[in-house]
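Visitor: Order-wise, the sequence lines are chains A and B. According to UniProt numbering, the first sequence holds residues 1 to 111 in order. According to UniProt numbering, the second sequence holds residues 1 to 111 in order. Sharing a structure here in structure tokens format.
Number of protein chains: 2
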Amino acid sequence: MDTTIICPRFEKAMSMLSQRWTGLVIYQLLTGPKRFCTLESSMGISGRVLSERLKDLETQGIVKREVYPETPVRIEYSLTDKGLALEPLMKEIEKWSQDWIEVEEKSESEQ
Amino acid sequence: MDTTIICPRFEKAMSMLSQRWTGLVIYQLLTGPKRFCTLESSMGISGRVLSERLKDLETQGIVKREVYPETPVRIEYSLTDKGLALEPLMKEIEKWSQDWIEVEEKSESEQ
DNA sequence: TATAATTACTTACATAAAGTAACTAACTAA
DNA sequence: TTAGTTAGTTACTTTATGTAAGTAATTATA
């Protein structure tokens with residue numbers, strides 16, 4: 001059979017990136033550290049899933065979480081080196097999307 | 001509020017790529033046209049979802065489907081130009097995964 | 001002639017993942 | 001005392017995916 005063996009590293013990276021929201025969270029963090037509520041409202045992700053994703057990304061060493069004991073408490077999420085290393089990849093998605101994706105705009109009547 | 005507006009093209013591309021299996025299907029097709037059963041068995045995706053993904057990718061103009069009326073019938077899936085344009089992105093995922101992903105190998109005892 | 005095999009799916013049903021909305025904890029401000 | 005803020009968590013619903021069997025068209029085999 002013509003079965004290609006897929007590199008397990010690639011497969012692991014891909015399964016990480018193909019979880020819903022993961023890519024967008026990283027993309028947002030490329031512009032600097034962000035708070036929970038900022039991420040939540042800027043991408044329309046639910047708090048439940050955002051919390052889950054940030055935990056996963058922290059476990060994988062892609063995101064770090066820092067607590068500033070102000071009032072009210074400020075918690076910032078930012079990218080580690082491993083996370084920052086995803087920038088070229090994100091740039092490629094930007095490029096491809098600009099070259100190939102069309103945005104169908106809604107006409108006023110169907111809004 | 002410090003809400004970044006995300007480019008709708010980028011968001012569309014990302015939501016496509018962050019569907020389970022989509023990336024791997026494209027990756028497999030970068031090595032040449034493939035049949036349904038080959039994709040199915042080489043990546044461990046279920047037939048139900050593979051069928052769904054191939055239809056979506058065809059609709060989006062990323063994959064094309066060609067029928068060869070042999071016996072038994074041969075149907076080949078391959079990338080369009082839009083799909084082939086994803087190669088640099090896939091290369092970046094490969095690079096990143098090689099630099100940053102560790103594969104934990106199972107010791108014989110815990111197999 | 002009947003049975004099995006092949007490919008490319010589809011269908012019905014079960015489980016897992018994600019969305020929704022309300023709730024908690026710790027604190028401050030009115 | 002009530003309300004507001006941030007960063008979550010919890011219980012419940014909806015959606016997505018997995019599983020396994022079924023279909024249709026054709027050929028090969030017993």
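Glycine residues also receive a C-beta, built at the ideal position from the N, C-alpha and C atoms. All values reported here derive from a predicted model rather than from experimental measurement.
1) Should the segment 29-45 of chain A be called in touch with the segment 70-80 of chain A, which here means at least 3 C-beta pairs below 8 Å?
2) At 7 Å on the CB atoms, spell out the chain B contacts of phenylalanine 10(A), in chain order.
3) How many whole angstroms separate the CB atoms of alanine 85(A) and tryptophan 100(B), which I take to be in contact at a CB cut-off of 8 Å?
4) Verify whether the separation of the beta carbon atoms of glutamate 92(A) and glutamate 52(B) is less than 8 Å.
5) Quick check on the DSSP output: the alpha helix (DSSP H) that includes isoleucine 26(A) runs from which residue to which?
6) CB aspartate 90(B) to CB isoleucine 45(B), shorter than 8 Å?
7) Compare the C-beta of residue 112(A) with all C-beta atoms of chain B and state if any pair is closer than 8 Å.
8) So the beta strand (DSSP E) isoleucine 75(B) belongs to, where does it begin and stop?
9) So if I threshold CB-CB distances at 8 Å, which residues from the segment 68-84 of chain B count as touching chain A?
10) Can you pull the chain A residues whose beta carbon is under 9 Å from the beta carbon of serine 51(B), in chain order?
11) Tell me whether valine 63(B) sits in a helix, a strand or coil according to DSSP, three-state version.
12) Counting along the chain, where does the alpha helix (DSSP H) carrying glutamate 40(B) start and finish?
13) With 8 Å set as the bound, which would you pick, yes or no: does the beta-carbon of leucine 89(A) sit closer than that to a beta-carbon of chain B?
14) Give me the Cα-Cα distance between leucine 30(B) and leucine 79(B), rounded to the nearest whole angstrom.
15) Should leucine 24(B) and methionine 43(B) be called a contact, given that it needs their Cβ atoms to be closer than 8 Å?
16) Checking contacts by CB at 8 Å: is isoleucine 101(B) closer than that to chain A?
17) Spatial neighbours of serine 107(A) within its chain, please: CB distance less than 8 Å, with the 5 preceding and 5 following residues excluded, ordered by chain position.
18) Taking only beta-carbon positions, decide if leucine 54(B) is within less than 8 Å of chain A.
19) How many whole angstroms separate the CB atoms of glycine 47(A) and glutamate 40(A), which I take to be in contact at a CB cut-off of 8 Å?
Guide: Let me lay it out:
1) As far as the Cβ criterion goes, the segment 29-45 of chain A touches the segment 70-80 of chain A, which means the pair count is three or higher.
2) Ile93, Glu94, Ser97
3) Taking 8 Å as the upper bound for CB-CB distance, alanine 85(A) and tryptophan 100(B) are in contact here, some 6 Å apart.
4) no
5) 22-29
6) Looking at the sequence provided, one finds methionine at residue 90(B) rather than aspartate. It is not a contact, given that the beta carbons lie outside the stated cut-off.
7) Because chain A in this structure spans residues 1 to 111, residue 112(A) falls outside the shown range and cannot be described.
8) 74-79
9) Answer set for the segment 68-84 of chain B: Lys82.
10) Simply none; closest approach about 18 Å.
11) strand
12) That run of the alpha helix (DSSP H) goes 36-43.
13) yes
14) 7 Å
15) yes
16) yes
17) Reliability fails at serine 107(A), whose pLDDT of 46 lies under 50, so the model's placement of it is uncertain and the value that follows must be treated cautiously. Closer than 8 Å at Cβ, skipping near neighbours: no residue.
18) no
19) 6 Å
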